[in-house]
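Below is one structure, written out as structure tokens, with a few remarks after it.
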Amino acid sequence: MRLNENIAISTSRVLLVPYDAHHVQQYHRWMEDPSIREATASERLSLDEEYENQASWRESRDKLTFIVCAPLPRDGDDGDVPSTGKKGEAVLAGVGDAVDRMVGDVNLFLSPWDGDDEDQAQRGDEKETQTYYTAEIDIMIADPKFRGIGLGRAAVATFLYFVRRHLDGILAEYTGSLDTSAAKSKPRLKDVVAKINADNKASIVLFQALGFKQRGEKNYFGEIEMVFEGFGEMEEWEETSPSVMGDTYRELVYDRSRLKGRVDDE
Ligand SMILES: CC(C)(COP(=O)(O)OP(=O)(O)OC[C@H]1O[C@@H](n2cnc3c(N)ncnc32)[C@H](O)[C@@H]1OP(=O)(O)O)[C@@H](O)C(=O)NCCC(=O)NCCS
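Per the numbering used here, residue -13 is the first one in the sequence shown, and the count goes up by one each step.
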């Protein structure tokens, strides 16, 4: 998705940056770990395939991806501290998200919603049809030493806060429509779903704490679905608070100027 191409999100607990080519080598190292592939239901890919994936995710209208990083040092919150990766209203690519600060990723994958609902048809006087979509969310905190300290929960809460704020734009990009308000059939996000291995207690606890509820039973693959119903109907993402997502939520410019000449070398 193009929507987040130049946006970094900073809170006191986490930094999210758009998944870029200079992240791919570290991403590939993470995915070489069989336990990570199992937990995330991923296939082993070559480095070249991982580069292709990164590029295709940027182009795909149905996928929104951020790399999760350790939060920017507090000193960088207010001023211009380039050594920390923060420069005014920008996050310096390759500094704030240097390899040793990268911890995982968080994704949203959109698809048509295939449930039944009377709203799917025309709504009475409003003479407006609603077309529903669903979104799958995935989170990975790849390095075990960064797990269990609240980064996963902060990343998901911050990400969902961003998704709710930008939902119209996200759905517009997904449906290929420039102006959803003018479209005859209004796109709506019905729910957000996490598909989790039933043995993955940390992930289940994480999503439960954010208001997700189990739907149905464990499937053939040993997965359960944790669902946040009505996500798109909320005024804002209410299930979070500064204590979870971190305070001083800010959307900053993702500044790639320092990367010039580096990406090709990597
Ligand atoms: C699952 C995962 C995302 C959790 O992220 P994390 O940063 O380690 O989790 P957090 O520190 O934010 O903790 C979230 C909650 O889970 C709890 N938790 C963490 N590890 C746990 C465990 N092994 N058993 C039970 N609860 C656990 C925490 O106590 C916390 O709950 P609390 O706030 O009520 O105390 C992370 O471990 C991970 O990426 N694992 C590998 C990939 C994966 O499993 N991805 C999910 C696929 S659906």
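Positions of the beta carbon are idealized from the N, C-alpha and C atoms, including for glycine.
Does the distance from the C-beta atom of residue i to that of residue j stay below 7 Å?
i       : j      : result
Ser(-4) : Leu58  : yes
Glu215  : Asp154 : no
Ala128  : Gly90  : yes
Leu238  : Ala84  : no
Val179  : Glu219 : no
Ala25   : Leu245 : no
His14   : Glu36  : yes
Ser171  : Thr117 : yes
Leu33   : Ile156 : no
Lys181  : Glu222 : no
Tyr160  : Arg47  : yes
Gln12   : Met88  : yes
Glu18   : Pro4   : no
Out of the options, which has the shortest C-alpha to C-alpha gap to residue i?
i        : options                         : result
Pro228   : Gly71, Asn93, Tyr147, Gly82     : Tyr147
Asp233   : Lys172, Ala143, Leu157          : Ala143
Pro98    : Pro173, Met(-13), Lys73         : Pro173
Arg236   : Met(-13), Arg(-12), Ser32, Val0 : Val0
Lys131   : His152, Asp100, Trp43, Asp86    : Asp86
Phe193   : Ser21, Glu222, Val230, Tyr160   : Val230
Phe145   : Ala188, Phe95, Thr161           : Phe95
Leu(-13) : Ala188, Gly162, Ala141          : According to the sequence shown, residue -13 is Met rather than Leu. With distances taken between Cα atoms, Met(-13) lies closest to Gly162.
Gln40    : Lys72, Asp6, Tyr206             : Asp6
Leu2     : Val149, Ser69, Trp16            : Val149
Asp124   : Ile22, Glu38, His152, Ser42     : Ile22
Arg242   : Ser(-2), Leu31, Lys72, Pro20    : Lys72
Asn186   : Ser(-2), His8, Trp16, Ala27     : Ala27
Ala188   : Ile135, Arg151, Ala158, Phe217  : Ile135
Arg60    : Ser42, Glu38, Ser(-2)           : Ser(-2)
Arg151   : Ser42, Phe217, His8             : Phe217
Between residue i and residue j, which are expected to be in contact by the criterion C-beta below 8 Å, what is the C-beta distance as a whole number of angstroms?
i      : j      : result
Asn183 : Gly208 : 6 Å
Phe52  : Val92  : 5 Å
Lys199 : Val213 : 6 Å
Ala56  : Tyr240 : So it is not a contact: roughly 16 Å between Cβ atoms.
Leu137 : Val54  : 7 Å
Ala195 : Arg139 : 6 Å
Going by the C-beta, is residue i closer than 6 Å to any heavy atom of ligand 3?
i      : result
Gly101 : The model on display carries ligand 1 but not ligand 3.
Any beta carbon of chain B sitting closer than 7 Å to that of residue i?
i     : result
Arg23 : This model lacks chain B altogether, as it is built from one protein chain only.
| message | In chain order, what are the residue ranges of uninterrupted beta strand (DSSP E) at least 3 long that sit wholly in the stretch 125 to 189? | response | Taking 3 residues as the minimum length, the beta strand (DSSP E) runs contained wholly in the stretch 125 to 189 are 171 to 183, in order along the chain.
| query | In chain order, which alpha helix (DSSP H) runs of at least 4 residues are fully inside the stretch 27 to 66? | reply | List check, alpha helix (DSSP H) in window: 33 to 45.
| request: Can you check the stretch 202 to 244 for any alpha helix (DSSP H) of at least 4 residues that lies completely inside it and give the ranges in chain order? | output: DSSP runs (the alpha helix (DSSP H)) wholly in the stretch 202 to 244: 228 to 231.
| task | Tell me the start and end of each unbroken beta strand (DSSP E) in the stretch 69 to 100 that is at least 3 residues and wholly inside, in chain order. | result | Those beta strand (DSSP E) runs which fall completely within the stretch 69 to 100 and span 3+ residues are 76 to 78, 88 to 98.
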